[in-house]
Amino acid sequence: MTVAIEKSGHVVIVVVKGRLDASTSAELEKKLAEAGGAAKKPLVLDFQELEYISSAGLRVLISLCQSKQKAVICSMPELVAEVFDISGLSSMFERYADRSTAIKALA
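According to my numbering, the residues represented by the sequence shown are 46 to 152, in order.
Okay, here's the thing in structure tokens:
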């Protein structure tokens with residue numbers, strides 16, 4: 046898994062690529078904490094190239110939601126969306142088809 050941090054105005058974009066599982070979830074958790082920072086800037090999680098998410102990855106996202114950090118998800122692949130739907134996480138995050146729509150939603 047790789048995580049890239051980008052900025053677009055007041056929004057921080059977190060691009061997650063590859064497999065999010067037990068061996069990579071701690072790295073994502075650290076990057077999310079750094080990305081939001083003390084100011085708790087809104088986050089767009091770009092999952093366009095996320096291939097797989099395990100329960101460990103879901104736990105990181107649940108923790109993010111519980112932290113009251115404003116975050117939305119964009120470009121979620123169908124397989125990952127199915128995991129979100131089955132696990133009940135769909136109701137915890139707003140989802141958008143693409144990055145630009147997600148950024149506009151946080152304006």
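By construction, the Cβ of each residue, glycine as well, lies at the ideal position given by its N, Cα and C atoms.
Neighbourhood of residue i by C-beta, 6 Å cutoff - its chain only, sequence neighbours within 5 removed
i, result
"P87", "V56, K115, L151"
With 16 other Cβ atoms within 10 Å as the buried cut-off, status of residue i
i, result
"T172", "Here the chain covers residues 46 to 152 and nothing more, so residue 172 does not appear."
"C119", "buried"
"L65", "buried"
"G63", "exposed"
"D143", "exposed"
"D130", "exposed"
Beta strand (DSSP E) segment containing residue i, residue limits
i, result
"S68", "Unbroken run through S68: none, as it is neither H nor E."
"K52", "47-53"
Beta-carbon contacts of residue i that lie in its chain and below 8 Å, excluding the five residues immediately before and after
i, result
"R104", "S70"
Span of the alpha helix (DSSP H) around residue i
i, result
"D130", "123-132"
"A150", "144-150"
Residues of its chain near residue i, where Cβ-Cβ distance is below 7 Å and the 5 sequence neighbours each way are ignored
i, result
"I148", "S53, V56, V89"
Identity of the residues DSSP links to residue i by a beta bridge
i, result
"K62", "T47, E94"
"E139", "V117"
Beta strand (DSSP E) segments (min. 3 residues) lying fully within the region 88-116:
88-98
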